[in-house]
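Read in numbering that gives the first Met the number 0, the sequence shown has 189 at position 190, and its numbers run on one by one without any break.
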Amino acid sequence: MNVHTMALVLSDWSYLDTWIVAIGALCAMACASCGCFLVLRRMSMMGDAISHGVLPGIVIAFLVSSTRSSTIMFIGAALAGLLTALASQWLSQWLRVERSGAIGVVFTTLFALGILLIVVAADSVELDPHCVLYGEIALAPLDVIRVGGIDIPRAALSLGIVWIVNLGICLVLLKELRMASFDPQFSRSIDFKPELLNALIMTMVAVTTVAAFESVGSILVLAMLVIPPVIARLLSDRFTGMLWWCMLIGVVASIIGHVGAITLPRIVGYESTNTAGMMTVSLVVLLALVILIAPGPGILAQAARRRRHRLQVAQEDLLGLLFRMEEANQHQISSGTLLARAAEAGGHGRAMVSRALGKLLSTQRIQIAPEGVQLRESGRREASQLVRSHRLWERYLSDQVGLQDDHVHETAMMLEHVTSPEMQSRLAEESSGDRTDPHGRPIPGSEKD
């Protein structure tokens, strides 16, 4: 499908499409406000647990009311969802059960109870949750209520209210909720009642999840509860930033998902595809993209940091090698010989060592004289401290750890690159005044000497 055909498809955009995107965005923002807590507290499967745990609530609501009214079903499901969340929290907190294990115990028990109630008390009645509770986002704009003379989809109104309430709770009780989530002992010590705050979070999760199930279906809700917070966590280290990123990502995924649902299937000859599924796929694609390009934990950022670290280690290995050669009065060495020896000694590739040599030249820590490669004064000072760290580590590993003298070099080669001045001072104190390494070579003085 070319761009012209896609433009023709989008030209048929109607108010129903706008409402579908709006409902998806409201669902995402409502789920974001409580999904962040689930991800940070390692309770991401709570949404899935509630989707199974609502079954006994639906059955009991029917048995009590003898009706399949959506309002009655919602109340029963919400209460069952709240029970699922609070029971999981109680098992984890008071019986010391691992959180995912507690969630698994509770939702399987409640789901089994729901099946048993259907078989025993309501076997002749169709009470499949997918029929009486779970909605479909593509059909949600058709169920409207009139507010102020304007027809508004019921799903948009309910999800909008849930989002506003959740966001208000998060903003008003932000400090207390963060404290209860990350440092409950301190929260308890200053009378913030972390148990009540945890119950509030679980209530938000249960009500939001069930309300969203009724409006847009389970698949999209489960995705919105988990994937946007995970993406936001990769982009921000602060909870407030994570919350806003989470809502923005959900809105973007809703737009991309619905546009993709009505345009991309035309490529393979289909009219359209499931909007909720495509929104979920959009979230997964965004997650993959952020995993790749996130500035902190992203794959590309980590690869760049590792490459910079390898370059730094290669530079230090070159400096250390030149310093040791000066100690041995080997002042004439060509760049080619130096590169070969450094690559062999440090385990670096020839290309990496060549880059390191170029970096040392550009920063004027070494120079290439007619006699060969030589250290400049700044490079000699840096190399001296590097060799000092290396030999102090050899002395420490020999005297304090008890390694054989011929086994300390390789370990010291790795540790010398991560030794801070403070650590170097501690190593010097542990050396008991020894001025030589286990091999009898002198330990260079510190920068203060």
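Even glycine gets a Cβ: it sits at the ideal position worked out from N, Cα and C.
For residue i versus residue j, is the C-beta spacing smaller than 7 Å?
i	j	result
M241	C35	yes
L360	A293	no
L453	M278	Summary: the structure shown does not reach residue 453, with the chain confined to residues 0 through 448, and so no result is reported for it.
A210	L196	no
A355	L310	yes
P227	G249	yes
D436	E393	yes
L54	G113	yes
L426	L402	no
A48	I117	no
E315	H416	yes
G378	L288	no
S253	G46	no
Just the Cα atoms here: how many angstroms apart are residue i and residue j?
i	j	result
T70	N273	26 Å
M223	L81	19 Å
V20	V258	9 Å
S64	L85	25 Å
I160	H347	60 Å
S217	S13	25 Å
E97	S87	10 Å
C30	F106	20 Å
V312	R387	16 Å
L291	S235	15 Å
L299	R237	22 Å
V104	V58	20 Å
D398	S430	8 Å
A137	R153	13 Å
C130	R187	Residue confidence for C130 is low, a pLDDT of 49 falling below 50, so the modelled location carries little weight; the figure read from the coordinates is stated next. Cα-Cα distance, rounded: 44 Å.
R323	I332	12 Å
R95	P183	15 Å
Y269	L156	32 Å
S419	Y395	15 Å
I365	S383	14 Å
T66	A302	59 Å
E428	S445	12 Å
L338	G371	12 Å
V225	V38	7 Å
Q373	A341	14 Å
R306	E213	50 Å
E175	N165	15 Å
With respect to the beta strand (DSSP E) encompassing residue i, which residues constitute its N-terminal and C-terminal limits?
i	result
P152	149 to 152
L374	371 to 374
V407	Element bounds for V407: n/a, residue is neither H nor E.
V417	Segment: none, V417 is in no beta strand (DSSP E) and carries neither H nor E.
A368	365 to 368
Under a CB-based cut-off of 7 Å, is residue i close to chain C?
i	result
L196	Any reference to chain C falls outside this structure, which holds one protein chain only.
By the DSSP assignment, the alpha helix (DSSP H) with residue i in it spans what residues?
i	result
I290	274 to 292
A427	420 to 429
G339	Note on residue identity: the sequence assigns Ala, not Gly, to residue 339. A339 -> alpha helix (DSSP H) spans 334 to 345.
I226	217 to 234
V251	238 to 262
Inset, instruction - Check whether the segment 234 to 245 touches the segment 191 to 205, counting contact only when three or more Cβ pairs, one atom from each stretch, lie closer than 8 Å. - result: In short, these stretches do not touch, since the Cβ pair count stays below three.
Inset, instruction - Flag this pair as touching only if the segment 142 to 153 and the segment 271 to 286 have three or more C-beta atom pairs under 8 Å; answer yes or no. - result: Contact fails: fewer than three Cβ-Cβ distances are below 8 Å.
Inset, instruction - Determine, using beta-carbon pairs with one atom in the segment 42 to 58 and one in the segment 81 to 94, whether at least three such pairs fall under 8 Å. - result: The segment 42 to 58 vs the segment 81 to 94: in contact.
Inset, instruction - Decide yes or no for the touch test of the segment 199 to 216 against the segment 72 to 83: beta carbon pairs closer than 8 Å, at least 3 of them. - result: The segment 199 to 216 is in contact with the segment 72 to 83.
Inset, instruction - Could you tell me which uninterrupted alpha helix (DSSP H) segments, each at least 4 residues in length, are contained entirely in the segment 152 to 193, listed from first to last along the chain? - result: The qualifying runs are 153 to 171, 173 to 181, 183 to 188.
Inset, instruction - Would you mind listing the beta strand (DSSP E) stretches within the segment 40 to 66 that are 3+ residues and don't spill past its ends, in chain order? - result: The segment 40 to 66 contains no whole beta strand (DSSP E) run of 3 or more residues.
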